[in-house]
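*Asks:* Have a look at this one before I ask anything.
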Amino acid sequence: MHVRIFEPPDLKPDVSDSRRRFGDLGEALAARHLESCGYRIVMTNFKVPVGRNRAGAAVTGEIDIIALDGRTLCFIEVKTRRSEDIVPVIAAVDKQKMRQITRTARVYRRLFAVGEMSVRYDVVTVLAAKGTEPKITLTKGFWNEASLKKRMWTSDRWMN
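The numbering used here applies: residue 11 is where the sequence shown begins, and numbers increase by one.
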């Protein structure tokens with residue numbers, strides 16, 4: 011028999027709350043940095059249902075920042091870390107995360123009738139070690155939709 015223990019939300023340790031606040035701080039720093047680089051912030055924390063997973067559960071996609079860089083619509087993922095001791099901050103943006111953001115961006119473009127506007131996927135990393143000034147790095151065009159297309163095997167070769 012499997013027993014689940016219920017914990018009221020106010021009794022749970024606030025580790026996740028602390029992480030969320032740290033992430034929110036990183037996103038605020040990233041937005042300010044983007045504005046100083048000439049971006050115009052359109053929306054932050056865009057969340058929308060994007061489909062269902064293999065188990066049939068609803069999947070929600072999120073994009074941290076949506077902004078305009080000139081005439082280019084940018085979908086921006088923000089990653090905030092305290093150190094890069096083990097791996098670089100940008101390594102946290104893996105193929106699965108890229109696919110989820112790309113899928114969410116497609117829904118955004120459909121909902122807001124963006125049309126044929128130029129689109130780009132950027133990443134902002136925030137390295138905020140205690141007692142130091144945060145180091146913010148913008149990587150424009152970190153990936154594109156074509157690089158995420160799943161490949162299919164047909165008899166003797168891979169096809170895109």
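For every residue, glycine included, the Cβ atom is placed at its ideal position computed from N, Cα and C.
How many Å lie between Val52 and Glu94 at the Cα?
*Replies:* Their Cα atoms are separated by approximately 30 Å.
*Asks:* Check the C-beta distance from Val136 over to Ala68 and give it rounded, since I have them as a contact under 8 Å.
*Replies:* 30 Å between Cβ atoms; not a contact.
*Asks:* Only counting runs of 4 or more residues, tell me where the alpha helix (DSSP H) segments fall wholly within the segment 62-144, in order along the chain.
*Replies:* Listed in chain order, they are 105-121.
*Asks:* If we count Cβ pairs, one from each stretch, closer than 8 Å, do we get three or more for the segment 87-102 versus the segment 123-135?
*Replies:* Yes, since at least three Cβ pairs between the segment 87-102 and the segment 123-135 fall closer than 8 Å, the two stretches touch.
*Asks:* Closest to Arg116 by C-alpha separation, out of Thr147, Arg30, Asn154, would be which residue?
*Replies:* Out of Thr147, Arg30, Asn154, Asn154 has the C-alpha closest to the C-alpha of Arg116.
*Asks:* Roughly how many whole angstroms lie between the Cα atoms of Lys105 and Phe152?
*Replies:* Between Lys105 and Phe152, the C-alpha separation is close to 11 Å.
*Asks:* In whole angstroms, give me the CA-to-CA distance for Lys22 and Cys47.
*Replies:* Bear in mind that a pLDDT of 48 at Lys22, under 50, signals an unreliable position, so the model cannot answer this.
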